[in-house]
Amino acid sequence: MRLLTHNMLSSNIKGVTKGFPLKIEVEKVVEKQVEINHDFLRNIFPKIDWKAFSDAARTMGYVELPEQAPDPSVLESDLDFLTKFHHALLELHLEEGALVCPETGRKFPVNKGIPNMLLHEDEV
Amino acid sequence: MWYLCVFYHRLLDYRIPEFESLADLFGAFGDKRSSDFNTQDKVLQWRLPKHHHPDSPFHFVHLPYEDVARKIANRSILVKGIYELWGEGNDFEELEEAVKSYPDERKLPYLEYESTFKITVDSFGKVLSLQEQNERIQGLSYIPFKGRVNLKNPDHNFWLMETDENETNNGLPPVVKRRIFFGREIGVADRKLIPMYQLKTRNYLGPTAMDAEMAFLMANQAQAAPGKLVYDPFVGTGSILVSAAHFGAMTMGADIDIRVVRDGRGPDCNVWSNFKQYGLPMPIGLLRADNNLPPWRPGLKEVFDGIICDPPYGVRAGGRKSGGRKLLKGIVSPYTVPDDKRADHIPSTAAYTLVECVHDLLDLAARMLIMGGRLVFFYPVLREDGSVETHFPEHPCFKLVATSEQMLSSRYSRVLLTMVKTSLYTEELALAARIKHLEFRENHLKWLENGNLHSSVFSPADAESGDSKVSKESKLKYRGKYV
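Chains U and W are the protein sequences, given in the same order.
Residue 53 in numbering that gives the first Met the number 0 sits at position 54 of the first sequence, and the numbers go up by one each step.
Residue 404 in numbering that gives the first Met the number 0 sits at position 405 of the second sequence, and the numbers go up by one each step.
Structure follows, in C-alpha cells:
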C-alpha cells in the first residue's frame, strides 16, 4: 500500500465519525522505484491531506517532508521537493502491517501490500 | 477539413464514439479546461460516401487539423486509417477526373523528386490478385509521381481502395454501386496491440477478464492518458486497468474478493504480474473494499479522471456486498465476532443486485470524478422482441455521451455507457439521484432484480415452438453490426 492510498482511506465502521487518518502499524516497509511523472504529481497535490500524509511518511521512516503543506508554487519550480513528494507518495510501500481506526482501534490488516477494508457483520 | 476515415468492420456501434472520445482527448474541440461542460456537444460532423449504408466502413469526417487525425488513427482500435482524399468515383474514369481536378498545391508537395512513396491497393468485400493490384497501380500513371518507390519505409503512403459492386457482400446491407477512393495516408492503426495483449497469453485470468480489444476501447472511451488517475471498483484480475496503464494512466483498483486482489494464483500469477508481463507501471493501489460501503475518507472528492468497470450483473458472476442475507432482511441480529477470532474472521456477504450496484457506482463516480471526468461501464440489456431496452441509468451529475451495443447472445446484449461529469456533486444532487434511482427501479428494472437476468439469459427456450419460431425469424440475422 502506497501512502497515496492511505491518504484516501478512512475507517467506515458504522457510527464512527472520525475515521481519518488511519494510524499505520508498520511490520514491513519496502521501497519500489517508480518513474516520476510531474503532471500526475501536480494533479494529485491539491487532493492530498498534507498533515495525514507527512505524519504517515514519518511513521514509515521517511522524515524529509515539511510538516506544513507547502505552497502549490513549489510544484512548478522546486525539483527537490517534487522528488521527495514523489518518493513518499509512490515509492514507499507498506507491505505488511495494519491500518488502525483512530476512534475504535479496529485494525484493518495490510498483507502483501493490500489493505483489507471489508467490515465485519457487526460493523456495517 | 474533411478526411476519409476507414474503419475495421467490427463492433460497428463502437466506432464513432471511440473516434469522438479520442478527438476530444487530442483537442479537436478546443482547450479542454476552458470548455463549458454543460453546453458543448462534443460531436464531429460525419458524411457517408454516395450509396453507402451507415454501417459501411467508409466515412468522411471533419477535423480541424491533420495532427488530430494522425493522433486519432495511431491510438484508435477501430480506425484502420485516415486519409486525405484526392479523388473518388464509381469507376476509374471518374476517379481520374476527380484526382486531376484536386488542387495541385495539395498534391505536388507529396510528389517531389527527393521523396519516396508507396501505393497500396485495398478492397472491401472482395479479394484482388497481385496482378489486378499491379494493373490498378499502373492505371494511376496520370498522377505525376516524381519520387522513388520505397516499399519498406516511404515518406508518403498512398492508398487505392475500392468496394465491391456485388450486392451480396460480407453481411453488409448492399452497397449498390462500386466506389473507388484514392488518398494520401495521414495515419494508420496499430492493431499489434491486440495480439500482444490477448488474453490467451495473459498470466493471471479470471472468468470475467475483459478481452484486450474491448478493454482498449473502454480505456479510449475514458480518455486514459499520462498524468491521469483511473479507478476500477471491480478490478478482478486487472484486465481493464492494464489497458488504461498501457495508455499511460496511473491506475487504482478495488475488489470485494481478497483472494483475487491479494493472492492471485501465486507469486508470479496475480494482478501485479499482469502489469509486469507487459512492462507497465504497477497500479498505485489495490485494495479490498465493498463498493456498497466505500472506505474513502469524508471530504475526499474529485480525485479520479476516469472510472472504468464491468460491474457484476449476475450472468457470469454475481455481485456481493457486506452483510449476510438474513442480516440485511432483519431476521437475525448482527453476529458479534469474538475478540480472539477477529483477525482471521471472514465476514459474510450478501447478493448485490445490479440496480443497487449501478446506483452506488453512479454515486461514487459523481463524488470522486473530476469535472469533465468520464465514467465508462457495461450495462446489460435483454433483447426481447429484437428490440433493445432504451432506459439507461441516469444521474443529475452526468451526461450520457455514448451508448455502444455488443450482442452477446440472441437473448441479451451488453451496452457500453460513457458518461461525462457535468455538474458538481452536492448533497442535494445526491438526494435527487437517490429518488430518481428509486423511480427507475420501480418502473424499468423489474427484470434486473435478483436472478431475473440470469434466468432470462440461461433458462431453456419456451416449449411452445410455434411462437418461438416466429420470434426467432423476426430477430436480426445481421449480427455484423454488433459483433
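Beta carbons are placed, not taken as given, at the ideal position from N, Cα and C, and that holds for glycine.
* Asked: In or out: D254 (chain W) buried (at least 16 other Cβ within 10 Å) or exposed?
  -> buried
* Give the secondary structure of I35 (chain U) by DSSP, where H, G and I count as helix, E and B as strand, and everything else as coil. => coil
* Would you mind giving the Cβ-Cβ distance between G313 (chain W) and L353 (chain W), rounded to the nearest angstrom? I have them listed as a contact below 8 Å. => L353 (chain W) and G313 (chain W) do touch by the CB rule: their CB atoms are close to 6 Å apart, below 8 Å.
* Alpha carbon of L24 (chain W) to alpha carbon of E102 (chain U), nearest angstrom -> 44 Å
* Close beta carbons around V120 (chain W), own chain, < 7 Å, minus the five adjacent residues each side -> L127, Q132, R135, I136 and L159
* Which residue from W:P392, W:N73, W:C4 and W:F274 puts its Cα closest to that of R46 (chain W)? -> W:C4
* **Spatial distance of L110 (chain W) from G80 (chain W) (CA atoms)** => 21 Å
* Taking the C-alpha atoms as reference points, what is the distance between V414 (chain W) and L430 (chain W)? -> 26 Å
* To do: Return the chain-ordered list of same chain residues with a C-beta closer than 6 Å to the C-beta of R178 (chain W), the five sequence neighbours on each side being excluded.
  => Excluding positions up to five away in sequence, the list reads P48 and T162.
* **Simplified DSSP assignment, three categories, for K79 (chain W)** => strand
* Find the residues of chain U that neighbour A429 (chain W), judging by a C-beta separation of less than 9 Å, and give them in chain order. => Result: empty, since nearest Cβ-Cβ is about 17 Å, beyond 9 Å.
* Asked: Could you check where the beta strand (DSSP E) with H155 (chain W) kicks off and where it finishes?
  -> H155 to T162
* Asked: Can you tell which of W:R14, W:I434 and W:K300 has the C-alpha that lies nearest to the C-alpha of D48 (chain U)?
  -> W:K300
* Cross-chain neighbours of D121 (chain U) in chain W, by beta carbon under 8 Å -> Identification of chain W residues near D121 (chain U) by a Cβ-Cβ cut-off of 8 Å yields P333, Y334, T335 and V336, ordered along the chain.
* Under 7 Å by beta carbon: chain W residues contacting D54 (chain U) -> The contacting residues do not exist; D54 (chain U) stays about 14 Å from chain W at best.
* **Proximity to N6 (chain U) [Cα-Cα], best of W:G298, W:E355, W:G305 and W:P311** => W:G298
* **Continuous beta strand (DSSP E) stretch holding K41 (chain W): start and end** => From DSSP, K41 (chain W) is part of no beta strand (DSSP E); its letter is neither H nor E.
* Asked: By how many angstroms is the C-alpha of L150 (chain W) removed from the C-alpha of Y101 (chain W)?
  -> 25 Å
* Within 10 angstroms of its Cβ, does D466 (chain W) collect 16 or more other Cβ (buried), or is it exposed? -> Low confidence applies here, because D466 (chain W) scores a pLDDT of 43, under 50, leaving its location unreliable and the question unanswered by this model.
* Please report how far the alpha carbon of E19 (chain W) lies from the alpha carbon of P337 (chain W), in whole angstroms. => 56 Å
* **The beta strand (DSSP E) enclosing I306 (chain W), as first and last residue numbers** => Membership of I306 (chain W) in the beta strand (DSSP E) is indicated by the continuous run F303 to C308.
* To do: Determine whether the Cβ of L81 (chain U) lies closer than 8 Å to any Cβ atom of chain W.
  => no
* To do: Compare the beta carbon distance of A188 (chain W) and R373 (chain W) with 8 Å and say whether it is the shorter of the two.
  => no
* Asked: How many angstroms separate the CA atom of L240 (chain W) from the CA atom of D121 (chain U)?
  -> 33 Å
* To do: Answer with buried or exposed for S33 (chain W), where buried requires no fewer than 16 other C-beta atoms within 10 angstroms of its C-beta.
  => For S33 (chain W), the predicted structure reports a pLDDT of 49, less than 50, and the residue's modelled location is therefore unreliable. A value from the coordinates is still provided. S33 (chain W) is exposed by the Cβ-count criterion.
* According to DSSP, is M251 (chain W) helix, strand or coil? -> Strand, per DSSP.
* Asked: What does G86 (chain W) pair with, by DSSP beta-bridge criteria?
  -> W:F181
* Asked: Between the Cα of L198 (chain W) and the Cα atoms of W:E184, W:M213, W:P63 and W:I118, which residue gives the shortest distance?
  -> W:M213
* Asked: What is the DSSP secondary structure of S9 (chain U), counted as helix, strand or coil?
  -> coil
* CB contact check: P114 (chain U) to chain W, cutoff 8 Å -> So, interface residue.
* Can at least three beta-carbon pairs, one atom from the region 347-367 of chain W and one from the region 268-285 of chain W, be found at a separation below 8 Å? -> no
* Using a C-beta to C-beta distance shorter than 7 Å, which residues of chain W count as neighbours of M0 (chain U)? -> G284
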